[in-house]
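Per the working numbering, the sequence shown starts with residue 748, numbered consecutively.
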Amino acid sequence: MSASTPSATRPLPDSRTEADGSAVVRVLSYNIRSMRDDTDALARVISACAPDLVLVQEAPRFFRWRKKLARLAAASGQVVLTGGATASGPAVLCSLRATVERTEDVLLPLTPGLHRRGFATAVVRFGGARLGVVSCHLSLQKDERYEQAGLLLDCVAGLGTPYAVAGGDLNERPGGRAFTRIGEELRDCWATAPWGAEHTSTPADPHQRIDALFATPGIEILGCGVPIGHPGVTETDLRAATDHLPVLAALRIPAA
748 MSASTPSATR PLPDSRTEAD GSAVVRVLSY NIRSMRDDTD ALARVISACA PDLVLVQEAP
808 RFFRWRKKLA RLAAASGQVV LTGGATASGP AVLCSLRATV ERTEDVLLPL TPGLHRRGFA
868 TAVVRFGGAR LGVVSCHLSL QKDERYEQAG LLLDCVAGLG TPYAVAGGDL NERPGGRAFT
928 RIGEELRDCW ATAPWGAEHT STPADPHQRI DALFATPGIE ILGCGVPIGH PGVTETDLRA
988 ATDHLPVLAA LRIPAA
């Protein structure tokens, strides 16, 4: 496992609130495979990234799922904001820096024979900055995935916030129909400001980018990528934590 861009060693900006009311916010997107792997390693990776928001995919959905997700949040310096089984997998965690306005879990139309999908959504504030948030995990089936990409854009627009971030496991590489559909309206954070490494699958052999973060116009993307080489994030923990690599971004959100 190695960084794929020269910017890998450039420090990612820390979270902070600016004098003008804007805020630098760290956002992490992570498929945690229902916490079936090394949960201690998973918590260490999340903690080392020091995120303000964690967009989770494949959160626990069955027996004692709330306790499992709460335990992970506590171990990684976060609290559970929304999602889990109620969103069919996606969830959002946040640091105590966030002021929460509202949350909503959205179940998507069910295609017979396929897994039920959903979105975990929230509206939060950091100082004078107001931000909509959507965590998603799109379908493995290409036609359904394309339709869900459109529903994701509708969901972002429906949050009613001046700025928003959306991300998750797209189950598709850049250039695919769903990925392209999202990127036509939202900015692909990695493509805009690459930092760290690019590929998110698999930890043992990173060769494709199927996880991504997107931001609405007006948000300044300070850096985005897989936090390989980030202080406290070890290759051993990344391999042990789950079957995806996380995507970390630093975003400057203007004051609302």
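Backbone N, C-alpha and C define an ideal beta-carbon position, used for all residues, glycine too. Computed from a prediction, not measured in an experiment: that's the story for all the values here.
Item to check | The beta strand (DSSP E) enclosing residue 830, as first and last residue numbers | outcome: 826–830
Next on the checklist: Along the chain, where does the beta strand (DSSP E) containing residue 775 start, and where does it finish?
Outcome noted: 770–778
Item to check | 8 Å contact criterion, which residue 864 and residue 884 should meet: CB distance rounded | outcome: 6 Å
Item to check | Every unbroken beta strand (DSSP E) inside the segment 953–1003 [3 residues or more] | outcome: 958–962, 967–972 and 994–1000
Checklist entry - Hey, would you say residue 770 sits closer than 7 Å to residue 929, going by beta carbons? => result no
Checklist entry - By the 10 Å Cβ neighbour count, where 16 or more other Cβ atoms means buried, how is residue 790 classified, buried or exposed? => result buried
Checklist entry - How about residue 958 and residue 835: do their beta carbons lie closer than 7 Å? => result no
Checklist entry - Going straight from the alpha carbon of residue 774 to that of residue 895, what length do you get? => result 22 Å
Next on the checklist: Using a 10 Å radius around the Cβ and a threshold of 16 neighbouring Cβ atoms, would you call residue 855 buried or exposed?
Outcome noted: buried
Checklist entry - Is the beta carbon of residue 871 less than 7 Å from the beta carbon of residue 845? => result yes
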